[in-house]
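Engineer: My structure is below; once you've seen it, I'll send some questions.
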């Protein structure tokens, strides 16, 4: 294999694209190609996304009236649990790492594949097995514990299929750990010559930081679920207060994973947004180094904030004080990122293509989600709004408004690279705007009604809250329509879409220097990297070829 | 000495790098495993701090002899595993295969002892539940953790047996090249971790009640 420096274009591979490298079912189900595994993940999470979406549509339909006359109490509980379990464990956590992480990480660092390709395929089989197990539980009769499986309800009182559901999540956890190990080893060991740590695209940093969280937090969740299964199935007293067990310990262990899990969802999103914003503003990312430190900072501090989920649980007030303080601190690196994205946009030549519209949507929604997170880090306000729809709105702004918007931004940004096809731009922009509108329509009323005192997870509520619930439910159907559009026009583009060149957005980064879609081996020659990422400049201020990519003089007008 | 090419796999382009990658990967995984057991140790610590006396009394009900013999067996298996890894490195194929075989035998012995110990514990009604032998409620917590921690350890040990056994058999049949194969070192590191976990469990379960 010859080596080529990337100051110019790389030679295009002569091999067929990864999509054409085999057409049998076996060529997909036994593949070790990171790109094909990414497609397998994409199919899986799309399936789960729409399942979880159907469940919550029924819930929102039920909430149109205060009497809760569409669903029985039991069915209502099972549906919101179904929604939570599926969306958190089988959509949000694997979404961006499983799809874009798998597809892009080797491409972006100039590698042929991830470090352990067979482990990568195994990860996918694990998540499918876990998903099947959980799906069985949810179909065989459902689970009513909520996605958090809180003890002692889950271990002693619930009459539903907790064991199978928890086992499924347990298995999915190992998928997450395997993926994390693979990505960390890939980033450390397989970077192309010249691809130093501070020349890595921010998406790679994001996936790396996420992997650290996956590897170090997920095992704690696995043990916690194992203990729930043992207590429920074998009647071993672990959290049972009758024997001196402490249900609060379950919450500590559960949130030790599940708060960092928010960063498993949001850090990859931040990576996607960094790539998209810099490309469509034609400006290099403002403060690249700080963006990196902020992501690593979020990953590290994210491990020390779990206790803010337990302000009203009866834990020590001193613990609450410390967790409150640390929860405020984690907002600092998040704010750095938002400010740096904003600064990147400043004086940029912004083009409002579909990926950019989704990314701008992310900025707005993530900021609202982040600011309301500060409300919840503050103990007195948190006590007031605990277990109300205010909290529901907050985490949906972060996880759905943030991560799902970023997922769609990434999907539209890299779609031409992944499939080799262009999609109808007008429809994509329309869907992006509709999604932003539908999202706020759905969740903003929940802030208000939650602050007024509407508890979460209730389907019978005082009539004075009906207006907000009707607004929210109506918004949910707008949002559902916005989510249904992309599958339609993207499928259309697969058949009738125009061929994309290797770099339709005129973007920087190694992934754009190979063919669309890439060949099995990604690059015809090993790239040699000679500069940092994001060689974008406002028109008229482009520095001479070969100049330091991090200079700032070029931006001053 | 020529480098065996049969163990080189995509996407690696040279064996040294592949070995570094595999070793690095398994260390990351072991860090993950430490948190896995760490969370159980945290539970144990919290409950022990809350019930120091009961945990001491309950700890005396465990069988010190089985625990100690198991420790000796597992430590010896770590020795044979280390020998196997070094022998594979030095291209001493027969020694490597015999050491891998010895590791499997010692690991199986450990599982068998554990089985006998479990049978004895069941006979002494040390399984939490209605027939539990001790009257203090928190003793059930101790034994719940005892069963879970040793069982999870046994599961890890069984996975290790599968990995080591596979290397031993395929190595003997020459279906796997042992020399310079990253799988040998990866398996060895995993095996040592399982032993290290036992070294932590042994004093917590068997020794602390007997000081």
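Residue numbers (full-length UniProt numbering), protein chains in the order written: chain A, 1 to 557; chain B, 1 to 211.
The beta carbon of each residue, even a glycine, is placed where N, CA and C say it ideally should be.
What does the alpha-carbon distance come out to for the pair residue 86/A and residue 130/A?
Structural biologist: Distance between the alpha carbons of residue 86/A and residue 130/A is about 11 Å.
Engineer: Below 7 Å on C-beta distance, what does residue 140/B contact in chain A?
Structural biologist: Going along chain A in sequence order, the residues near residue 140/B (Cβ under 7 Å) are 237, 243.
Engineer: Grouping DSSP H, G and I as helix and E and B as strand, with all else coil, what is residue 118/A?
Structural biologist: The answer is helix: DSSP assigns residue 118/A an H, G or I state.
Engineer: Only counting the same chain, and skipping five residues up and downstream in sequence, which positions put a Cβ closer than 6 Å to that of residue 88/A?
Structural biologist: Within the same chain, residue 88/A has close Cβ partners 147.
Engineer: Could you tell me which chain A residues have their CB closer than 7 Å to the CB of residue 40/B, listed as they occur along the chain?
Structural biologist: Per Cβ cutoff of 7 Å: 223.
Engineer: Spell out whether any CB of chain B is found under 8 Å from the CB atom of residue 554/A.
Structural biologist: Summary for residue 554/A: the model assigns pLDDT 39, below 50, so the residue's position carries little reliability, and this model does not support an answer.
Engineer: At what residue ranges does the stretch 355–383 of chain A contain a whole run of the alpha helix (DSSP H), taking only runs of 4 or more?
Structural biologist: Those alpha helix (DSSP H) runs which fall completely within the stretch 355–383 of chain A and span 4+ residues do not exist here.
Engineer: With a cut-off of 8 Å, does the C-beta of residue 147/B fall near any C-beta of chain A?
Structural biologist: Yes, residue 147/B lies at the interface with chain A (some Cβ there is under 8 Å from its Cβ).
Engineer: Considering just the uninterrupted stretch of the beta strand (DSSP E) at residue 526/A, what are its terminal residues?
Structural biologist: Segment 526–528, the beta strand (DSSP E) holding residue 526/A.
Engineer: I want to verify the contact list: residues of chain B whose CB lies under 8 Å from the CB of residue 113/A, in sequence order.
Structural biologist: Those within 8 Å of residue 113/A in chain B are 10, 11.
Engineer: What number of angstroms, rounded off, separates the C-alpha of residue 42/A from the C-alpha of residue 137/B?
Structural biologist: If you take the alpha carbons of residue 42/A and residue 137/B, they lie about 49 Å apart.
Engineer: I'd like to know if residue 162/B contacts chain A, where contact means its C-beta is closer than 8 Å to some C-beta of that chain.
Structural biologist: Residue 162/B does not count as touching chain A.
Engineer: Let's test the definition: count the other Cβ atoms within 10 Å of the Cβ of residue 75/B and tell me whether it reaches 16, buried, or not, exposed.
Structural biologist: So residue 75/B counts as exposed.
Engineer: For the stretch 425–432 of chain A against the stretch 386–395 of chain A, are there 3 or more C-beta pairs whose distance is under 8 Å?
Structural biologist: Verdict: no, contact absent.
Engineer: Select from the stretch 114–145 of chain A all residues with a C-beta closer than 9 Å to any C-beta belonging to chain B, and list them in chain order.
Structural biologist: Listed in sequence order: 114, 115, 116, 117, 118, 119.
Engineer: State the DSSP-derived secondary structure class of residue 324/A, mapped to helix, strand or coil.
Structural biologist: Helix.
Engineer: Going along chain B, which residues have a C-beta under 9 Å from residue 259/A?
Structural biologist: Under the 9 Å cutoff, chain B gives no residues; its nearest Cβ is about 15 Å from residue 259/A.
Engineer: To the nearest angstrom, how far is the alpha carbon of residue 13/B from that of residue 36/B?
Structural biologist: Approximately 33 Å between the Cα atoms of the pair.
Engineer: Figure out for me which residue from 431/A, 457/A, 464/A has the closest Cα to the Cα of residue 76/A.
Structural biologist: When only C-alpha atoms are compared, the closest one is 457/A.
Engineer: Could you tell me whether the Cβ of residue 230/A comes closer than 8 Å to any Cβ of chain B?
Structural biologist: It does: the Cβ of residue 230/A has a partner Cβ on chain B nearer than 8 Å.
Engineer: Within 8 Å, do at least three Cβ pairs link the stretch 494–514 of chain A to the stretch 427–439 of chain A?
Structural biologist: Contact fails: fewer than three Cβ-Cβ distances are below 8 Å.
Engineer: Pick helix, strand or coil for residue 19/A, following the three-state DSSP scheme.
Structural biologist: Three-state DSSP puts residue 19/A in coil, outside helix and strand.
Engineer: Run through DSSP, which three-state label would residue 347/A get?
Structural biologist: If DSSP states are grouped into helix, strand and coil, residue 347/A belongs with coil.
Engineer: So residue 40/A is in the alpha helix (DSSP H); what residue range does that whole segment cover?
Structural biologist: Looking at the DSSP string, the run of the alpha helix (DSSP H) that includes residue 40/A is 34–62.
Engineer: Relative to the C-alpha of residue 9/B, which residue among 68/A, 115/A, 22/A, 95/A is closest?
Structural biologist: Considering only alpha carbons, the answer is 115/A.
Engineer: Any idea if residue 463/A is buried or exposed, counting beta-carbon neighbours within 10 angstroms, 16 or more meaning buried?
Structural biologist: By the neighbour-count rule (16 or more Cβ atoms within 10 Å), residue 463/A is not buried but exposed.
Engineer: Does any C-beta atom of chain B lie closer than 8 Å to the C-beta of residue 219/A?
Structural biologist: True, the Cβ-Cβ gap to chain B drops below 8 Å.
Engineer: Short of 8 Å in beta carbon distance, which residues of its chain neighbour residue 6/B, apart from the five on each side in sequence? Order them along the chain.
Structural biologist: 177, listed in sequence order.
Engineer: Suppose the cutoff is 6 Å on Cβ atoms and the five residues either side in sequence are ignored; what does the same chain contact list for residue 56/B look like?
Structural biologist: Around residue 56/B: 209.
Engineer: Can you grab the Cα-Cα spacing for the pair residue 216/B / residue 161/B, in whole Å?
Structural biologist: Any question about residue 216/B goes unanswered here, given that chain B covers just 1 to 211.
Engineer: Return yes when the Cβ of residue 18/A is within less than 8 Å of the Cβ of residue 518/A, no when it is not.
Structural biologist: Yes, Cβ-Cβ distance for residue 518/A and residue 18/A is below 8 Å.
Engineer: Is DSSP giving residue 166/B helix, strand or coil here?
Structural biologist: If DSSP states are grouped into helix, strand and coil, residue 166/B belongs with the helices.
Engineer: In chain B, what lies closer than 8 Å to residue 181/A by C-beta?
Structural biologist: Per Cβ cutoff of 8 Å: 25, 28, 29, 32.
Engineer: With respect to the alpha helix (DSSP H) encompassing residue 195/B, which residues constitute its N-terminal and C-terminal limits?
Structural biologist: Residues 182–202.
Engineer: In terms of residue numbering, what span does the alpha helix (DSSP H) encompassing residue 251/A cover?
Structural biologist: Where residue 251/A is concerned, the enclosing alpha helix (DSSP H) stretches over 247–280.
Engineer: Excluding the 5 residues preceding and the 5 following residue 96/B in the sequence, name in chain order all residues of the same chain whose CB lies nearer than 6 Å to its CB.
Structural biologist: Result list for residue 96/B: 84, 87, 88, 178, in chain order.
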